[in-house]
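Peer 1: A single structure is presented below for examination.
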């Protein structure tokens, strides 16, 4: 079992642990330790404590530099969405970690292997063990392979405002200039309507309207994002 | 003002910023930016977002390695106590950072300069700027000077169990062997009382009693800690 895991993380992520015991510990749930007291093993809970903080910093550092226009409140919200239980459980399954965690019988029978909280803790514990065994740069490499592509594919875009989400989608394959142009204003001063057009890479992506320029820009970005999503599906 | 701050962090902590603008940003509250819009400054909130995560990892790493016997739940509680608002505001004042933060007039008049939440954010923002300008090792050096001595002096010992707190106090000046010895048991099996004596550095630090060996050890450590505290005061 552990041998299969060793091959998996080597093949998929290029990781070779120096201390296999540490890797085993990361994949050992407390329920397994409780059922095998004579083996004097240690469960993965302390590694989870450490891995949680490793993840938090690496994601924060990425978001800080990658979303230079997002204010603190939005950064905090985005970070919370990425590191929350459901997301980390999804990453653990992406990595097939659920196959390798050692559970006690009771935990196994009550479907612990598919429970979000358990998989989230497992993912953090693995990161903690990787951080100790291989250092922070290796943990960052792993996150670059497992989490960052998901962010860049827009998995968390619903947490961003539409302009930021559009920028994220359009700039995935390199820098592209996104231009918001006020094309028309109408109505009396106290209830004016603004119309904004988005241009990117030399073509129009759509027009949005609103009671302020800012609202019109957000609307235009929302329209453009919906168009892009529809084109992908068709 | 900024010159005085530059001298202070150089003299006290051996830190020389490459990017003074970043240091200034860390000490710029949003209220100051709002009152000086023509200067097009940036406040310290995004730096605070990053610094929060820097602090969390450095403290977690320290606690993980320093308290090898503490289970995850206790580590999490101890970390929360160290990085909570009141503690970080205290560290900010220790560093005299409160003198240098730039506030708007309204914030100044409502005593913002002494408010815990503002000082906590300031401390995190400084850490964020230090992390960007000088790297994680420099942030760790700073924390080693400002926070770790407080932990080692027992400022957060009330959050530890007595045995851990005693170990912390006694091992401040290097490793010392702390020995818990069961010296006596009495009473019938169903209500047995255990007496445990602590020895360290060749002398007895006291005896504790309890209904289990574990409880007696905790009691003995509590007695020893109280003795040490009394001796310091007298």
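Chains as they are written, first to last, in UniProt numbering: chain D, 1 to 234; chain H, 1 to 234.
Heads up, the beta-carbon is just placed ideally off N, CA and C, and yes, glycines get one too.
1) Relative to the alpha-carbon of residue 9 (chain D), which residue among D:36, D:28, D:146 and D:90 has its alpha-carbon at the smallest distance?
2) Consider the Cβ of residue 53 (chain D): report whether some Cβ of chain H lies at a distance smaller than 8 Å.
3) Are three or more beta carbon pairs between the region 184-202 of chain D and the region 124-139 of chain D nearer than 8 Å?
4) When the Cα atoms are used, what is the spatial distance from residue 103 (chain D) to residue 164 (chain H)?
5) According to the neighbour-count rule (16 or more other Cβ atoms, all chains shown, within 10 Å of its Cβ), is residue 89 (chain H) buried or exposed?
6) Strictly under 8 Å for the Cβ-Cβ distance: is residue 71 (chain H) near chain D by that measure?
7) Since residue 208 (chain D) is in the beta strand (DSSP E), which residue starts that stretch and which ends it?
8) Quick check on residue 32 (chain H) - is its C-beta less than 8 Å from some C-beta in chain D?
9) Using a beta-carbon distance below 8 Å, is residue 60 (chain H) in contact with chain B?
10) Establish whether the CB of residue 46 (chain D) and some CB of chain H are separated by less than 8 Å.
11) When burial is assigned at 16 or more other CB atoms within 10 Å of the CB, is residue 230 (chain D) buried or exposed?
12) If we call anything under 8 Å between Cβ atoms a contact, is residue 119 (chain D) one with residue 44 (chain D)?
13) Hey, is residue 108 (chain H)'s beta-carbon within less than 8 Å of any beta-carbon in chain D?
14) In angstroms, rounded to a whole number, what distance separates the CA positions of residue 219 (chain H) and residue 5 (chain H)?
15) Check whether the Cβ of residue 49 (chain H) lies closer than 8 Å to any Cβ atom in chain D.
16) Checking the sheet assignment: what are the DSSP bridge partners for residue 179 (chain D)?
17) Under 7 Å, CB to CB, which of the residues in the region 131-149 of chain H have a partner in chain D?
18) Anything in chain D within Cβ reach of residue 76 (chain H), meaning under 8 Å, just list it in chain order.
19) If we ignore side chains and look at the alpha-carbon of each, how far apart do residue 106 (chain H) and residue 35 (chain H) end up?
20) Using DSSP with H/G/I as helix, E/B as strand and the rest coil, what is residue 114 (chain H)?
Peer 2: Reading it off the structure:
1) Between residue 9 (chain D) and the set D:36, D:28, D:146 and D:90, the nearest pair of CA atoms involves D:146.
2) Residue-level contact check: residue 53 (chain D) touches chain H, since one or more beta carbons of chain H fall below 8 Å from its beta carbon.
3) The region 184-202 of chain D, when compared against the region 124-139 of chain D, does not touch it at the 8 Å Cβ threshold.
4) Cα to Cα, residue 103 (chain D) sits roughly 30 Å from residue 164 (chain H).
5) It is buried - the Cβ of residue 89 (chain H) has at least 16 other Cβ atoms within 10 Å.
6) Cβ-Cβ to chain D under 8 Å: yes for residue 71 (chain H).
7) 203-210 is the extent of the beta strand (DSSP E) around residue 208 (chain D).
8) At a cut-off of 8 Å between C-beta atoms, residue 32 (chain H) does not count as an interface residue with respect to chain D.
9) Included in the structure are the protein chains D and H, with no chain B among them.
10) Cβ-Cβ to chain H under 8 Å: yes for residue 46 (chain D).
11) With fewer than 16 other Cβ atoms within 10 Å, it is exposed.
12) With contacts defined by Cβ atoms closer than 8 Å, residue 119 (chain D) and residue 44 (chain D) do not form a contacting pair.
13) Closer than 8 Å: no.
14) Between residue 219 (chain H) and residue 5 (chain H), the C-alpha separation is close to 47 Å.
15) So yes, residue 49 (chain H) belongs to the interface.
16) Per DSSP, D:199.
17) Listed in sequence order: no entries.
18) Think of a sphere of 8 Å around the beta carbon of residue 76 (chain H): the chain D residues whose beta carbon falls inside it are 49, in chain order.
19) Going from the Cα of residue 106 (chain H) to the Cα of residue 35 (chain H) covers about 9 Å.
20) Here residue 114 (chain H) sits in helix by DSSP.
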